[in-house]
Amino acid sequence: MTDTRTPAYRPIPSDMGIPFIGYAKEFMQDPMVFATTLERRNGPVIHTQIMGQKAVVLLGPDANQFVLQDREGNFSSFGGWDYYIGQVFPGAIMSMDDPDHRFQRRIMQQAFKKPALMAYIAAMNPRIEERLSHWRPRSDYKIFPGIKKLTLDLATSIFLGEEIGPDAERMNQAFIETVDAALAYIRKPVPPFNMWKGMRSRAVLEDYFYRLLPKKRATETPDFFSQFCHATDEDGARFTDKQVVDHMIFLLMAAHDTTTSTLTTMFYALGKHPEWQERLRKESLSFGKPRLEYEDLEKMESLGWAMKEALRLYPPLTSIPRRVSRDCSFNGYFLKKGTLVGVYPIHTHRMPSLWTCPETFDPLRFSPERNEHKQHMFQWIPFGGGAHMCLGQHFADLQVKAIMHQILQQYRWSIPASYTMPYQHVPIAKPKDGLPVRLEYVAKDRQATPA
């Protein structure tokens with residue numbers, strides 16, 4: 011006889027914080043401390059409130075796999091992300107569900123296949139060299155704005171086939187304000203609050219792309235903007251102007267903001283650990299050439315470990331939201347349809363049960379001799395996982411290595427031992443003070459005293 015009784019579920023511990031606000035302040039200040047504190051008090055599954063939204067926090071690699079791999083179709087990416095980015099990044103592939111996600115991802119993947127990546131590194135190398143030629147030794151050179159200008163310039167030239175020129179500063183500020191609006195507590199575009207600034211900046215970005223559209227529609231060129239303008243769906247229909255602009259704004263943001271975050275945290279870690287900076291410099295110099303080629307990327311072993319370690323300690327996205335699209339359960343806890351859930355890469359990345367001395371910068375944990383990141387396939391997830399895994403992860407690897415290879419050969423930097431980087435963890439991780447470093451030339455014939 012079949013047992014039709016409803017299974018007994020464990021009650022999810024509730025920890026709501028301050029009425030209406032919840033743990034918004036704690037989450038914004040430090041998602042790692044926020045998640046760890048909730049776990050210590052309640053366990054790895056917690057019903058809480060963040061940014062005016064009630065949600066279930068799911069912690070640990072098993073939770074990451076259950077939500078992100080989503081083999082049973084229990085979760086909606088659109089339902090998770092729309093509250094945060096729906097106004098400023100509508101139509102973003104990150105927030106799409108199938109079948110739209112599957113189809114549009116298939117088209118966008120063309121921008122990140124090997125032939126495209128080989129062309130990208132050849133195109134970006136001279137631009138990196140030109141940009142770095144303007145860096146001068148200083149005792150307080152701010153790394154974050156310098157890197158952000160560089161990565162935005164690379165992204166526009168590669169994906170748009172355009173030089174951003176005099177629009178650079180305006181576009182840079184527009185991306186900053188648009189991203190910051192994602193976690194605006196006041197969700198309506200009322201001046202002078204962040205959502206209003208974000209929507210104003212969104213209009214700036216739209217204007218830029220709509221002005222380029224007629225030219226991109228008229229002639230097919232190798233850049234991704236043009237390719238997307240001429241792409242067709244299964245019925246032979248082209249994407250609308252709005253779809254093209256929505257995708258390009260999000261692509262350009264993702265292609266430079268997350269790489270900027272990664273490079274900045276690498277600068278911080280390598281400034282704090284000069285022995286690793288020298289190790290990577292020696293590795294780059296061993297290639298005997300100022301620019302990397304595509305075939306060199308896999309040979310940059312130590313640089314690859316350092317990048318992975320920076321992403322472990324400081325993932326650009328500290329949490330990933332989803333909305334439950336059908337009743338389901340996890341480890342004996344019932345998750346009702348419509349519930350907002352969140353997994354926390356930054357928490358899993360520092361779990362003592364998975365990592366040796368998790369607070370320590372130790373790139374060798376990613377070496378073949380240790381492979382600490384391979385104990386669970388969802389313990390290291392800076393690029394997410396499952397069907398929505400970041401499309402640009404190989405582009406990010408290429409860009410970080412190409413940039414760091416040139417920087418390491420030209421510059422040495424240091425950070426005072428007493429300095430701790432003040433960090434804005436959300437929506438995309440970055441230093442609050444721009445990360446000032448003491449920057450010097452490496453080459454003897456270019457020695458200069460920092461100002």
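Residue numbers (the numbering used here): 11 to 461. Idealized CB from N, CA, C, for every residue including glycine.
Decide yes or no for the touch test of the segment 145-159 against the segment 384-394: beta carbon pairs closer than 8 Å, at least 3 of them. Pairwise C-beta distances place the segment 145-159 out of contact with the segment 384-394, as fewer than three of them are shorter than 8 Å.
Reduced DSSP category for residue 68 - H, G, I as helix; E, B as strand; rest coil: Residue mapping note: residue 68 aligns to position 58 of the sequence shown, counting from 1. Strand.
Beta strand (DSSP E) containing residue 152: first to last residue? Within the sequence shown, residue 152 is the residue found at index 142, counting from 1. Here the beta strand (DSSP E) through residue 152 covers 148-152.
Only counting the same chain, and skipping five residues up and downstream in sequence, which positions put a Cβ closer than 8 Å to that of residue 407? Residue 407 sits at position 397 when you count from the first residue of the sequence shown. Hits under 8 Å: 307, 314 and 317.
Where the alpha helix (DSSP H) through residue 58 begins and ends: By one-based count along the sequence shown, residue 58 stands at place 48. Not the alpha helix (DSSP H): residue 58 falls in the beta strand (DSSP E), residues 55-60.
What are the partner residues of residue 242, as DSSP defines its beta bridges? Locating residue 242 in the sequence shown gives position 232, counting from the first residue. DSSP output for residue 242 lists 248 as bridge partner(s).
Which residue spans inside the segment 131-191 form an unbroken beta strand (DSSP E) run of at least 3? 148-152
Would you list the one or two residues that DSSP bridges to residue 28? Here residue 28 refers to the residue found at position 18 of the sequence shown. Residue 28 is bridged to 32.
Return the first residue and the last residue of the alpha helix (DSSP H) that residue 93 is part of. To locate residue 93, count along the sequence shown from 1; it is residue 83. Taken as a continuous stretch (DSSP letters only), the alpha helix (DSSP H) holding residue 93 covers 87-95.
Less than 6 Å between C-beta atoms, sequence neighbours within five positions excluded: which residues of the same chain meet that for residue 11? As a working mapping, residue 11 is identified with position 1 in the sequence shown. Low local confidence applies: a pLDDT of 41 at residue 11 is under 50, so the model's placement there is unreliable, with the coordinate-based value given in what follows. Same-chain partners within the cutoff: there are none.
Span of the alpha helix (DSSP H) holding residue 413? In the sequence shown, residue 413 corresponds to position 403, counting from 1. Segment 403-420, the alpha helix (DSSP H) holding residue 413.
Does DSSP classify residue 224 as helix, strand or coil? One-based indexing of the sequence shown puts residue 224 at position 214. If DSSP states are grouped into helix, strand and coil, residue 224 belongs with the helices.
Could you tell me whether the Cβ atoms of residue 58 and residue 25 are closer together than 8 Å? Start at 1 with the first residue of the sequence shown, and residue 58 comes out as number 48. Start at 1 with the first residue of the sequence shown, and residue 25 comes out as number 15. For residue 58 and residue 25, yes; Cβs fall inside 8 Å.
Given 8 Å, three or more beta-carbon pairs between the segment 42-52 and the segment 82-94: no
Other residues of its chain near residue 18: CB distance less than 6 Å, five sequence neighbours each side excluded: Residue numbering aside, residue 18 sits at position 8 when the sequence shown is read from its first letter. Nothing meets the Cβ criterion.
What residue range is occupied by the uninterrupted beta strand (DSSP E) comprising residue 329? Counting from 1 along the sequence shown, the entry for residue 329 is found at position 319. Taken as a continuous stretch (DSSP letters only), residue 329 belongs to no beta strand (DSSP E), as it is neither H nor E.
Inspect the beta-carbon positions of residue 206 and residue 200 and report whether they are closer than 8 Å. Mapped onto the sequence shown, residue 206 falls at position 196. Mapped onto the sequence shown, residue 200 falls at position 190. Yes.
Can you tell me the Cα-Cα spacing of residue 374 and residue 286, whole angstroms? Counting from one through the sequence shown, the residue named residue 374 turns up at place 364. Counting from one through the sequence shown, the residue named residue 286 turns up at place 276. About 10 Å.
Give a yes or no on whether the C-beta atoms belonging to residue 434 and residue 138 are separated by under 8 Å. As a first step, residue 434 is located in the sequence shown; it is residue number 424 there, counting from the start. As a first step, residue 138 is located in the sequence shown; it is residue number 128 there, counting from the start. No, these two residues do not count as a Cβ contact at 8 Å.
Just verifying my parser: in three-state terms, what is the DSSP assignment at residue 297? Within the sequence shown, residue 297 is the residue found at index 287, counting from 1. Reduced to three states, the DSSP call for residue 297 is coil.
Rounded C-alpha distance that separates residue 300 from residue 419: Working through the sequence shown from its first residue, we reach residue 300 at position 290. Working through the sequence shown from its first residue, we reach residue 419 at position 409. So the alpha carbons of these two residues sit roughly 8 Å apart.
When you compare each of 371, 327 and 21 to residue 192 by their alpha carbons, which one comes out closest? Reading the sequence shown from its first residue, position 182 is the one you call residue 192. Comparing Cα-Cα distances from residue 192 to each of 371, 327 and 21, the minimum goes to 327.
Inter-residue spacing [alpha-carbon to alpha-carbon] between residue 176 and residue 250: Sequence index remark: in the sequence shown, residue 176 carries index 166 (1-based). Sequence index remark: in the sequence shown, residue 250 carries index 240 (1-based). Looking at the two C-alpha atoms, the distance is approximately 28 Å.
Have a look at the DSSP bridge pairing and note the partners of residue 338. Locating residue 338 in the sequence shown gives position 328, counting from the first residue. 345, per the DSSP bridge assignment.
For residue 383, which residues of its own chain have a beta-carbon under 8 Å away from its beta-carbon, when the five flanking residues on both sides are left out? Reading the sequence shown from its first residue, position 373 is the one you call residue 383. Around residue 383: 318, 322, 375, 376, 389 and 390.
Near residue 189, what residues of its chain come up, given a Cβ to Cβ distance below 7 Å and the 5 sequence neighbours on each side ignored? Here residue 189 refers to the residue found at position 179 of the sequence shown. Excluding positions up to five away in sequence, the list reads 263, 267, 437 and 438.
Beta-carbon gap between residue 67 and residue 45 smaller than 8 Å: Position 57 of the sequence shown, counted from the first residue, corresponds to residue 67. Position 35 of the sequence shown, counted from the first residue, corresponds to residue 45. In this structure, residue 67 sits near residue 45, with a CB-CB distance shorter than 8 Å.
Compare the C-alpha of residue 89 against each of 400, 331, 75 and 447 and name the closest. By 1-based counting over the sequence shown, the position of residue 89 is 79. The residue with the shortest Cα to Cα distance from residue 89 is 331.
From this set, 115, 42 and 336, which residue's C-alpha is nearest residue 400's C-alpha? Within the sequence shown, numbered from 1, the residue matching residue 400 stands at position 390. Comparing Cα-Cα distances from residue 400 to each of 115, 42 and 336, the minimum goes to 115.
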